[in-house]
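All remarks here apply to the structure that follows.
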Amino acid sequence: MEINRRLDEIIYEKFKKNPDAKCIWWDGKWYSNQEIFDLIESTTTTLKNAGFSEGQRLSVLMPNCPMIIALMVSCWRLGGAINPLNVKSGTPSLIGTLKLVEPFAVVVSDEIRKEADSVLNSEGYVTIVCDLAGPLPDFKGRAASVESSSLAVVFATSGTTGLPKAVPLSHKNLASNVFAVQDALEGLEKGDIILNVLPNFHSFGYTVCCLLPIFIEGAQAIVPGFLPPLRTLNTIIDSNVNVLPIVPAMLTHLISAIERGAKRPEKLKIVLTGGDRYNVEMDEKLKLLMGVGNLQGYGLTETSPVISVNRNYKDNKLGTVGPFVKYVEWQLRPDGDNKPIDGEGVLWVRGESVTDKYFRDESMTAERFDKDGWFNTGDYVSVDKDGYITILDRVTDIIIVGGFNVYPQEVERILNTHPAVENAIVVGMPHPTNGEVPKAFILKKEGAKVTGVDIVKYSKKHLAHYKVPRKVEFVNDWPLSGTGKIMRRVLREREK
Numbered sequence: 000m001e002i003n004r005r006l007d008e009i010i011y012e013k014f015k016k017n018p019d020a021k022c023i024w025w026d027g028k029w030y031s032n033q034e035i036f037d038l039i040e041s042t043t044t045t046l047k048n049a050g051f052s053e054g055q056r057l058s059v060l061m062p063n064c065p066m067i068i069a070l071m072v073s074c075w076r077l078g079g080a081i082n083p084l085n086v087k088s089g090t091p092s093l094i095g096t097l098k099l100v101e102p103f104a105v106v107v108s109d110e111i112r113k114e115a116d117s118v119l120n121s122e123g124y125v126t127i128v129c130d131l132a133g134p135l136p137d138f139k140g141r142a143a144s145v146e147s148s149s150l151a152v153v154f155a156t157s158g159t160t161g162l163p164k165a166v167p168l169s170h171k172n173l174a175s176n177v178f179a180v181q182d183a184l185e186g187l188e189k190g191d192i193i194l195n196v197l198p199n200f201h202s203f204g205y206t207v208c209c210l211l212p213i214f215i216e217g218a219q220a221i222v223p224g225f226l227p228p229l230r231t232l233n234t235i236i237d238s239n240v241n242v243l244p245i246v247p248a249m250l251t252h253l254i255s256a257i258e259r260g261a262k263r264p265e266k267l268k269i270v271l272t273g274g275d276r277y278n279v280e281m282d283e284k285l286k287l288l289m290g291v292g293n294l295q296g297y298g299l300t301e302t303s304p305v306i307s308v309n310r311n312y313k314d315n316k317l318g319t320v321g322p323f324v325k326y327v328e329w330q331l332r333p334d335g336d337n338k339p340i341d342g343e344g345v346l347w348v349r350g351e352s353v354t355d356k357y358f359r360d361e362s363m364t365a366e367r368f369d370k371d372g373w374f375n376t377g378d379y380v381s382v383d384k385d386g387y388i389t390i391l392d393r394v395t396d397i398i399i400v401g402g403f404n405v406y407p408q409e410v411e412r413i414l415n416t417h418p419a420v421e422n423a424i425v426v427g428m429p430h431p432t433n434g435e436v437p438k439a440f441i442l443k444k445e446g447a448k449v450t451g452v453d454i455v456k457y458s459k460k461h462l463a464h465y466k467v468p469r470k471v472e473f474v475n476d477w478p479l480s481g482t483g484k485i486m487r488r489v490l491r492e493r494e495k
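Next up, the structure:
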């Protein structure tokens with residue numbers, strides 16, 4: 000079966016099949032399959048000479064760029080794994096993840112090095128500064144622990160406690176998910192050009208924007224970052240992108256740019272969103288300004304990530320995230336109960352694209368996976384008679400800001416270190432562009448004097464920008480349940 004093959008074998012086969020075909024649009028020009036293949040070969044040689052070997056992991060702090068593809072395939076060729084990281088996740092999170100992953104080395108771009116240097120140097124990691132288009136400079140790595148050679152990618156995220164957590168995905172996990180998306184999305188064809196703007200440390204961007212174009216023998220237009228939106232819009236137009244995977248917040252910015260007079264893309268045939276709720280009221284405007292509506296999907300990092308997607312425009316059900324894709328088994332269960340039910344409930348999944356554990360974290364694995372390998376998505380959903388899923392609520396307290404997960408406990412832990420704060424509770428509040436943003440409810444220490452501005456400034460020193468509370472409200476007490484738990488739902492409802 001194709002899903003049992005290693006990703007590097009599949010990718011090499013695609014590149015060799017048509018060496019002169021365009022592969023990557025980068026910095027205003029096209030690179031061929033052969034040019035990217037040559038970059039991978041040279042990168043593999045450099046990594047091997049540096050001492051990188053089977054079972055090791057290479058951390059990468061770079062924006063989307065051709066070198067990301069060269070590094071990932073080279074790691075796989077040598078039997079290792081890649082660990083893409085977000086430099087803006089915050090220093091505590093970055094250090095925690097690196098200690099957990101134990102990388103052989105950390106590859107950074109020159110721009111990101113300025114932000115990450117202090118962290119990397121203080122911990123003694125081997126750091127290599129690399130140009131976004133390569134080549135990888137010669138270096139010597141450090142000894143690292145060994146994991147299974149079936150491991151392909153380790154994605155960093157946060158657990159329900161806000162502490163660093165990592166999701167290990169195997170070659171089979173990722174291959175099965177790419178093939179499932181290829182099978183599910185009708186109209187996807189050889190030669191299609193897919194925009195690669197979603198960050199490489201985001202599983203949606205990694206699977207759908209980076210791997211999928213290679214698997215379908217298409218091409219990808221790489222943008223190092225979404226902002227400014229006009230640059231992304233110009234890339235879509237100049238490279239003739241016709242498949243646009245994106246998060247709703249980014250899509251809103253593109254629509255706004257066109258409304259202000261920017262040129263409209265003419266080639267789009269598929270717009271695909273995930274990572275956050277999509278405002279269905281926007282769909283008519285999307286059709287008017289971009290020529291095509293939205294197909295919404297759904298997934299999680301632990302599922303590689305796509306669980307479901309609306310397959311075509313004829314059968315598209317706005318407001319749903321489509322039917323389940325291939326290789327995904329599913330059950331609905333009552334919250335806190337293992338007995339499957341019909342209609343609506345907490346969604347549990349398992350299958351070829353679902354990881355079976357968290358990286359070196361037995362307690363978190365036991366919390367989210369049952370003994371039969373079923374994974375608790377933490378989402379309360381309904382499934383209609385045609386198999387279409389509607390997300391009703393999140394059982395967990397995750398806040399999704401522009402497609403990025405923010406764990407309230409992580410923000411709360413930082414706020415609670417402020418000398419004037421007795422206790423802090425953070426919830427998500429609706430936001431017209433980002434879907435949600437964090438709001439902090441603060442119970443001050445007796446006699447303490449502090450303002451909302453003070454709290455926000457303090458947060459900015461310790462948290463990534465998207466995790467910083469946008470609003471602060473001071474309270475004298477908490478709404479409590481009969482068992483004495485703080486009712487976050489009641490706090491959220493204050494914003495409705």
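Numbering that gives the first Met the number 0 applies: residue 0 is where the sequence shown begins, and numbers increase by one.
All C-beta atoms in this analysis are idealised placements derived from N, C-alpha and C, irrespective of residue type, glycine included.
Within its own chain, the residues whose Cβ lies closer than 7 Å to the Cβ of LEU229, once the five positions on either side in sequence are excluded, are ALA256, ALA261, listed in chain order. Burial check for ARG488: the Cβ neighbour count within 10 Å stays below 16, so the residue is exposed. Put simply, the backbone Cα of ALA183 is about 9 Å away from that of PHE323.
Fully enclosed alpha helix (DSSP H) runs of no fewer than 4 residues occupy 407-414 of the region 390-424, in order along the chain. Shown here, ALA220 sits in a strand according to DSSP, grouped into three states.
The straight-line gap separating the alpha-carbon atoms of SER121 and LYS286 is approximately 51 Å.
Judged by DSSP in its simplified three-state form, ARG5 adopts coil rather than helix or strand. For VAL324, the three-state secondary structure derived from DSSP is coil. Just measuring C-alpha positions, the residue of PRO65, ASP19, ALA49, VAL246 sitting nearest ILE39 is PRO65. According to the DSSP assignment, PRO212 belongs to the alpha helix (DSSP H) that extends over 211-214. With distances taken between CA atoms, LYS466 lies nearest to ILE454 out of ILE454, MET363, SER148.
In this chain, the alpha helix (DSSP H) harbouring TRP75 covers 65-76.
About 7 Å separates the beta carbons of LEU77 and THR43, which is inside the 8 Å limit, making them a contact pair. The distance from the Cβ of ASP355 to that of PHE368 is about 7 Å, consistent with a contact at the 8 Å cut-off. Secondary structure of GLN55 (DSSP, three-state): coil.
Taking 8 Å as the cut-off, the Cβ atoms of GLY434 and VAL380 do not count as close. Within the same chain, and ignoring the five residues on either side of VAL279 in sequence, the residues whose Cβ sits closer than 8 Å to its Cβ are LEU317, GLY318. When GLY79, VAL207, ILE67 are compared, the shortest CA-CA separation from PRO223 is found for ILE67. Between ALA419 and LYS444 the beta-carbon gap is near 6 Å, inside 8 Å, which marks them as a contact. In this chain, the beta strand (DSSP E) harbouring LYS470 covers 470-473.
In its own chain, leaving out the 5 sequence neighbours on each side, no residue places its CB closer than 6 Å to the CB of GLY342. When only Cα atoms are considered, LEU46 and MET61 end up about 17 Å apart.
From the listed residues VAL107, ILE388, ALA218, ALA174, the smallest Cα separation to LEU194 is found for ALA218.
If you look at PHE36, you'll find it in the alpha helix (DSSP H) that goes 32-49.
One alpha carbon belongs to ASN241, the other to ILE340, and they sit about 40 Å apart. Taking a C-beta distance under 8 Å as the contact criterion, VAL270 and THR302 do not qualify as a contact pair. Annotation for ILE236: the continuous alpha helix (DSSP H) segment containing it runs 228-237.
Boundaries of the alpha helix (DSSP H) harbouring THR251: 247-258, taken from the DSSP string. With fewer than three CB-CB distances shorter than 8 Å, the region 235-251 does not count as touching the region 81-88. Distance between GLY386 and GLN408, taken at the CA atoms: about 34 Å. Counting C-beta pairs closer than 8 Å gives fewer than three between the region 198-209 and the region 327-334, which falls short of the contact rule. Cβ neighbours of TYR326 within its own chain (closer than 6 Å, five residues either side excluded): SER175, ALA179, GLY350, GLU351, SER352. Between the alpha carbons of PHE358 and GLU265 lies a distance of about 43 Å. Membership of LYS438 in the beta strand (DSSP E) is indicated by the continuous run 434-443. In the DSSP assignment, THR319 falls outside any beta strand (DSSP E) and carries neither an H nor an E.
Closest option to SER238, judged by alpha-carbon separation, among PRO478, GLU492, CYS22: CYS22.
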